[in-house]
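These protein sequences, in sequence, are chains A and B. Read left to right, the first sequence gives residues 501 to 615 (this note's numbering). Read left to right, the second sequence gives residues 118 to 231 (this note's numbering).
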Amino acid sequence: GAGVSQSPRYKVAKRGQDVALRCDPISGHVSLFWYQQALGQGPEFLTYFQNEAQLDKSGLPSDRFFAERPEGSVSTLKIQRTQQEDSAVYLCASSPIVAGTDTQYFGPGTRLTVL
Amino acid sequence: KNQVEQSPQSLIILEGKNCTLQCNYTVSPFSNLRWYKQDTGRGPVSLTIMTFSENTKSNGRYTATLDADTKQSSLHITASQLSDSASYICVVGTRGGNNRKLIWGLGTSLAVNP
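What follows is the structure, given as structure tokens:
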């Protein structure tokens, strides 16, 4: 496919479980972003990769959140010991270049529900 | 504090009618302003991106305007279609930052009824 894909689309976890969310960006895109979107809210920035380098992780809400992009393509967002407040849609976006006004292409998101 | 405010919060119009959505921002330094369309259960899709020197940009039936002096933007939708039903989000980027320095509005929820 030509777009950004994310898996799983839906994830239900019990409080305390670890989860891993996957993002497949558009092939060749340099920049990759993770966002958290609570119900009725706009996306909140979590972290940013330029190729395999994580250049900004200032939006990660706690040390339970960890993201990686080891080969500069697929990225994984891991949440350890999930809490109910982690329930949200997690969006991944990629863009072809680094410059300030390039378009971001979003995936469909992973809806995480923590019981 | 950097903020993006949108109005109205929600809007219902009849198919074929025009509508205008508003965005006011207090982001500094300003770099660019974007409008996104987000369908329920989908990721946002970029409609327009405008920099400081641009005051209007069109994408099909969507026309965005930007007044950098008053820090206001609008998104005008012409001849609305049922598929226009979605949330429209105004996003402002700060100068010197790339996509990670984006301030997101809460969106306007648009419903187009037949």
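Beta carbons: idealized from backbone N, C-alpha and C, even for Gly.
Alpha-carbon spacing of residue i relative to residue j, whole angstroms
| i | j | result |
| --- | --- | --- |
| Phe545/A | Ser558/A | 8 Å |
| Gln198/B | Cys136/B | 11 Å |
| Leu138/B | Pro125/B | 7 Å |
| Met167/B | Phe147/B | 11 Å |
| Thr187/B | Ser145/B | 13 Å |
| Gln517/A | Lys511/A | 11 Å |
| Thr165/B | Asp201/B | 15 Å |
| Gly503/A | Glu571/A | 19 Å |
As assigned by DSSP and simplified to three states, the class of residue i
| i | result |
| --- | --- |
| Gln584/A | helix |
| Leu539/A | coil |
| Leu199/B | helix |
| His529/A | coil |
| Ile597/A | coil |
| Val229/B | strand |
| Glu568/A | strand |
Within chain B, partners of residue i - CB distance below 7 Å
| i | result |
| --- | --- |
| Gly542/A | Ile206, Trp221, Gly222, Leu223 and Gly224 |
Neighbour list for residue i in chain B, Cβ cutoff strictly below 8 Å
| i | result |
| --- | --- |
| Gly607/A | Gly160 |
| Leu591/A | Gly160 and Pro161 |
Neighbouring residues, chain A, relative to residue i (Cβ below 8 Å)
| i | result |
| --- | --- |
| Ile129/B | Going along chain A, no residue has its Cβ under 8 Å from Ile129/B, so there is no contact; the nearest lies around 17 Å. |
Extent of the continuous beta strand (DSSP E) to which residue i belongs
| i | result |
| --- | --- |
| Leu521/A | Val519 to Asp524 |
Touching or not, the segment 589-599 of chain A and the segment 524-534 of chain A, by the rule of three or more beta carbon pairs under 8 Å?
yes
With a threshold of 8 Å, are at least 3 pairs of Cβ atoms found where one atom belongs to the segment 138-157 of chain B and the other to the segment 185-197 of chain B?
yes
Taking 8 Å as the threshold, find out whether the segment 118-132 of chain B comes into contact with the segment 198-212 of chain B through three or more Cβ pairs.
yes
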